[in-house]
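J.: Sharing a structure, written as structure tokens. Questions coming.
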Amino acid sequence: MPDWKPEIRRRLAGLQLAPMREAAIVEELSQYLDDCYEELLAGGSSQAEARQKTLAELRGSAALARELRRMEPQVNPEPIIPGSNQPGSDWRTKMIAGLWHDLRFGARMALKNPGFTAVVVLTLALGIGANAALFSVVNGVLFNPLPYPEPERLVTLHQSKPNFATGAIPYPNFLDWQRENKTFSAMAISRGAGFNLIAPGEAEQVRGRRVTANIFSVLGVKPALGRDFAPGEDERGAAPVVLISAELWRRKFNASPDAVGKSLTVDDRSYTIVGVLPASFTLFRGADVYVPMGQWNNAALQNRSAALGLHGIGRLKPGVTLAQAQADLDGVMRGLAEAYPEANRDHGAAVVPLKERLVGDVGPILWMLLGAVGFVLLIACVNVSNLLLARATGRTREFAIRAALGAGQWRLLRQSLLESTLLALIGGGLGLMFAAWGTKAALAALPSGLPRAEEVGLDARVLFFTLAISLLTGALAGLAPALKASQRPLSETLKEGGRGTGGGRRRAQGVLVAVEVALALVLLIGAGLMIRSLSALWNVDPGFRPENVLTFGLGFPPSMRTASDEAKHANLRDLSARISAIPGVQAASFSVGASPLQSEDDLYFWIDGKPRPASTSEMHMALVYRVEPGYLAAMGVPLRQGRFFTDQDEVRTQPVVVIDEVFARQYFRDENPLGKRIHLGSDRDPLEIVGVVGHVKQWSLAGDGGQSLQAQLYEPFRQLPGSPSEVGVVVRVEGVGTGGAALLDSIRRAVQSRHSQNVVFAARTMNEVIADSLGRQRFLMILLNAFAAAALLLASIGLYGVISYLVGQRTQELGVRIALGAQRRDVLRLVLSHGMKMAFGGVALGLAAALGLTRLLNQMLYGVSATDPATFAGITLLLAAVALLACFVPAWRATRVDPMIALRYE
Amino acid sequence: MSPINEQRLDRELKKGSAELLILSLLEARARHGYEIRKLIETRSDGVLKFNAASLYPLLYRLEKRGWIEGKWVEKAGQRRRRFYKLTKDGRKVLAAQRGIWESFVAAINRVARPENA
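Quick note, the sequences are listed as chains B and A, same order. Just so it is clear: in the first sequence, position 534 is 520 by this note's numbering, and no numbers are missing. Numbers given in this note's numbering equal positions in the second sequence, counted from 1, plus 43.
Dropping the structure here:
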């Protein structure tokens, strides 16, 4: 029987009927023609005759076509077969239709394997989320401009001294800078200060700042409520006014709008609140109270040699460069050095961009972390790539059939890439949610050490970055499977009957796993080095015994200010006695001036018997600790020579000092320092050195030796004139771990039993002080560890997955081997060796990469080299063990293969 | 006997007769396309002839209007064929058209009958 269908189709061509409809019509007509032909044959016609007559049935088919065109809906050609070329549509429509089709197909595939999809999406979400989170940190800290108008014009100002580039500025100098400069539109100055907030509410210690009245206008910050300081308010004798932080406003005034105009009792004065700063103002972190500098009743404010911790903020005139401003202030400073040589000789000005000052040297660390988290994403990417490769093997026949139906290589490639990109985009969306939710929480939970942390958040740049890495991840993860899928020779695949045994694919997976292992190894070694550094740092002898030491601040009531020196001393002695008498307290001491790892204070001196230097810049400098006799025992600093202070060292007795061993070495070499005398100022008697104690790490555990100022000097607290408004206290207790809070309560009760306005604040154990001083290292270590753990987990999952897959694919072969007499041991060895080959390839690659990359960590390492062989070896062993375990589970499963089942398989 | 609207008459003359033939043939039972073609030819003693190209547009049009309904039927020992049957609407239309046709034929006859018969 002739096939009528082509004849019929030819006549229907150009109608663009819906494919189903066309097929139905063709079948019906061909049926009709068959009937016709059969009857003609039965009636005695020859085949040729019958055929001719039958075809005559189609004569006049133009009418048929016309009728159908009128009647049947014409459809847009839907690309049923990927890559097919329907005539009559332009390439753009076809491409979009094709993309849309591929996308829907991808979505269907994703929904068909929810388990697979979930694993892929979650893996990518974690990788992309971690990157988005870290990028939002980099973005917030390094990229985003400061939240002030024209922030690039803002600089910080300092007075540079021979041994300190960014020192404090004496107030009279600042006034001269302000008056004589030509490059700044405005200049302000401020200093941090602790205040006793007496009322409203319970007395407490708050942090605040003394500021020149123009500081907020220099920054471009407007109070959220009320007004800014007025120029006249920055002078002695003006009405006392205060601006408060939004935080204090909430805490003390319940965020009530009528807080403005209310009074705030700070120390011994009552201030009127004129304004509340916006909550977004975080430049002076933790400061709650701002009072005008000019109202500060402090004689040292007029002293050109007293710096008082004042640092400036300036706004450059538009168009002025940093260098111009620097040159301008250098000129002003030269004039001041001539006019006041004793105070200003060898001093200069330092102009530092505000952002640089705030962000400091955190940049390289963040970039390194971003690199590390990028590694995690790469590993996630490789894992997904492997999963897709494994699935691509399962889909070989699907791709082959599509290729056979005319889908081009490009079309198949596109389908694969589109599917992985779709998965990556979903993962990215989910990751962004993780990031949005997790970044703030992580920053709050991690040790401090990050500037501008409060400005970190999601913005357009973070969204764009996330989108970009999602697309990139999708493309990267999909590339290997896509290439494999599109390159496979058709005939081979179709002949194979669905069982993929392509060696090429397996090799690709092997390479991917090796890369994964290598990346994980680099991260693990980085994390390992950080752990070793931190443990080395913890083991650094700080020069004192930090265990069981509690430190806190003690603020005195304003009434003490006006008391006589005798009353002040009596008060201090009494408080000291009360604290020492608390059960559990072994030793206690007040401490002002410097405090190890917490605060610095220094003084100038010259040695008795030598002529007084003409200016301070020619004098010696030492860190100064002003403490009581109990200090040595409380801190656990060892006595080397002579004696420490006793209760007899007081105002009326011979002034004495104790020096540390560095001081002794530096200034007395081989001489015995005991009995020698030093001068601290022309207006004071010389002080006699009565003892030498051990050196204490003042600056930091890691970098103490790098600081030029090392000599340490102890003055007896009780020989100081007057009394500060607050003191630090160090207390050695029996087991601070058991009852730190309870002990603190007893201390609070003890000091408040003397006066209810005595305030205990900022209590920390000395171990916490040390931990905080290592904040940045701990921040880095915790993150690197988290990334390394994620990397190890992902890499072992990858290894496990590939080996499991391999075992699955080779079930039949393994069954045959076992059936032919292979021992389980042999099978185990076969599979394990395959896995470990990949792992060791990765280890070799990773070791080489780590040797190059850990150098970036150098700055953060302590007591361990960036290529520490022990760390490298240990981590390699760890990774090898994990890899072995990841391979062992599927390998063991392979030995359980029942040969009978395996052979019947398929 | 209702008078025949002129326009309608004209239209029905042109194509209505063919539709009437098909609807009539499907009144008794469902038939497939070739069967319909053969029946028209044999019952008209070869006077009326359709081929596939002329029959199927009619069938599809009637089907589209909902007067007939095509259905693939597979009978034992035979090939799949598409059988058309009259729908409820088709039955009404057939009755109406038959009426029109009969009036038409009667009218023609009355006019065309020889006067001397």
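Just so it is clear, CB atoms sit at the ideal spot from N, CA and C, and this is done for glycine as well.
Thinking just about the alpha-carbon of each residue, which of B:P876, B:F826, B:D854 is nearest to the one in B:R796?
T.: Residue B:P876 is the option with its Cα nearest to B:R796.
J.: Counting contacts by CB-CB distance shorter than 8 Å, is A:R13 in contact with chain B?
T.: Residue 13 of chain A lies beyond the stretch modelled for chain A, which goes from 44 to 160, so this question has no answer here.
J.: Check whether the Cβ atoms of B:G680 and B:P624 sit closer than 8 Å, and answer yes or no.
T.: In this structure, B:P624 lies closer than 8 Å to B:G680 by Cβ.
J.: Give me the residue from B:V813, B:A772, B:R518, B:A808 with the minimum Cα distance to B:V850.
T.: The residue with the shortest Cα to Cα distance from B:V850 is B:R518.
J.: Start and end of the beta strand (DSSP E) containing B:E25?
T.: Note, B:E25: premise wrong, no beta strand (DSSP E); alpha helix (DSSP H) at 5 to 28.
J.: In chain B, what lies closer than 9 Å to A:R104 by C-beta?
T.: Within 9 Å Cβ-Cβ: E53, R56, M57.
J.: Closest to B:D314 by C-alpha separation, out of B:A325, B:P327, B:G300, B:Y326, would be which residue?
T.: The shortest C-alpha separation from B:D314 is found at B:G300.
J.: Since B:L44 meets chain A, which of its residues come closer than 9 Å, beta carbon to beta carbon?
T.: Under the 9 Å cutoff, chain A gives N94, A95, A96.
J.: How would you list, in chain order, the residues of chain B whose beta-carbon sits under 8 Å from the beta-carbon of A:G109?
T.: The contacting residues do not exist; A:G109 stays about 13 Å from chain B at best.
J.: On the DSSP letters alone, give me the boundaries of the beta strand (DSSP E) that B:D646 sits inside.
T.: Per DSSP, B:D646 belongs to the beta strand (DSSP E) from 642 to 646.
J.: Output yes or no for whether 8 Å exceeds the beta carbon distance between B:Y157 and B:L287.
T.: A contact, by the Cβ cut-off of 8 Å.
J.: Consider the Cβ of B:D21: report whether some Cβ of chain A lies at a distance smaller than 8 Å.
T.: It does: the Cβ of B:D21 has a partner Cβ on chain A nearer than 8 Å.
J.: Count Cβ pairs between the segment 272 to 281 of chain B and the segment 224 to 231 of chain B that sit closer than 8 Å; are there 3 or more?
T.: Contact holds: three or more Cβ-Cβ distances are below 8 Å.
J.: State the Cα-Cα distance for the pair B:P63 and B:G0, rounded to the nearest angstrom.
T.: Reliability of the predicted coordinates at B:P63 is poor, the pLDDT of 46 falling under 50, and the value obtained from them is presented with this limitation in mind. C-alpha separation (whole angstroms): 12 Å.
J.: Please list the segments of the beta strand (DSSP E) lying wholly inside the segment 234 to 274 of chain B, counting only runs of 3 or more residues, in order along the chain.
T.: With a minimum length of 3 residues, the continuous beta strand (DSSP E) runs that stay inside the segment 234 to 274 of chain B are 249 to 252, 255 to 262.
J.: Mind the definition here: the segment 671 to 678 of chain B touches the segment 507 to 518 of chain B only if three or more C-beta pairs lie below 8 Å; say whether that holds.
T.: No, the segment 671 to 678 of chain B does not touch the segment 507 to 518 of chain B.
J.: Measuring alpha carbon to alpha carbon, tell me which residue in B:A446, B:F420, B:R400 is nearest B:L462.
T.: When each option's Cα is compared against that of B:L462, the closest is B:R400.
J.: Quick one: is A:Y127 near chain B, going by C-beta distance under 8 Å?
T.: It does not: the Cβ of A:Y127 has no partner Cβ on chain B nearer than 8 Å.
J.: Return the residue from the list A:L101, A:Y103, A:K92 that minimises the CA-CA distance to B:A42.
T.: Closest by alpha carbon: A:K92.
J.: What is the rounded straight-line gap between the Cα of B:V883 and the Cα of B:F420?
T.: Approximately 42 Å between the Cα atoms of the pair.
J.: State the start and end residues of the unbroken beta strand (DSSP E) segment that holds B:F826.
T.: Run containing B:F826: none in the beta strand (DSSP E); it sits in the alpha helix (DSSP H), 810 to 839.
J.: Using C-beta distances below 8 Å, list every residue in its chain close to A:L66, excluding the 5 sequence neighbours before and after it, in chain order.
T.: Result list for A:L66: L105, W110, I111, L129, G133, V136, L137, Q140, in chain order.
J.: Run down chain E in chain order and give the residues with a C-beta less than 9 Å from the C-beta of A:G76.
T.: Looking at the structure shown, chain E is missing, and the protein chains on hand are B and A.
J.: Report the neighbours of A:R122 on chain B: residues whose CB is nearer than 8 Å to its CB, in chain order.
T.: In chain order: Q17, D20.
J.: Can you grab the Cα-Cα spacing for the pair B:I568 / B:L540, in whole Å?
T.: So the alpha carbons of these two residues sit roughly 16 Å apart.
J.: Is there a Cβ of chain A sitting closer than 8 Å to that of B:L50, yes or no?
T.: For B:L50, the answer is yes, since a Cβ of chain A falls inside 8 Å of its Cβ.
J.: With 16 other CB atoms within 10 Å as the buried threshold, where does B:L871 fall?
T.: With fewer than 16 Cβ atoms within 10 Å of its Cβ, B:L871 is classed as exposed.
J.: How about B:S47: is its C-beta nearer than 8 Å to some C-beta of chain A?
T.: Yes, contact with chain A.
J.: Closest by CA to B:S662, which one among B:T632, B:W282, B:V12, B:G628?
T.: As written in the sequence, residue 662 of chain B is Lys, which differs from the Ser given in the question. Measuring from the Cα of B:K662, the nearest candidate turns out to be B:G628.
J.: Which residues in the same chain have their Cβ closer than 8 Å to the Cβ of B:Q652, if we skip the five residues on either side of it in sequence?
T.: Q696, A697.
J.: If we count Cβ pairs, one from each stretch, closer than 8 Å, do we get three or more for the segment 251 to 261 of chain B versus the segment 184 to 202 of chain B?
T.: Counting Cβ pairs under 8 Å, three or more are found: they touch.
J.: Nearest CA to the CA of B:K683: which residue from B:R331, B:G622, B:F450, B:A378?
T.: Nearest option by C-alpha distance: B:G622.
J.: Quick test of your reading: A:L63 and A:I79, contact by CB under 8 Å. State the CB separation rounded to the nearest angstrom.
T.: With 8 Å as the limit, A:L63 and A:I79 do not qualify as a contact, their Cβ atoms being about 13 Å apart.
J.: Alpha carbon to alpha carbon, what distance is there between B:K248 and B:S545?
T.: Rounded to whole angstroms, B:S545 to B:K248 spans 22 Å at the Cα level.
J.: Using CA atoms only, rank isn't needed, just tell me which of B:G714, B:L444, B:L54, B:A309 is closest to B:T537.
T.: Among B:G714, B:L444, B:L54, B:A309, the Cα nearest to that of B:T537 is on B:G714.
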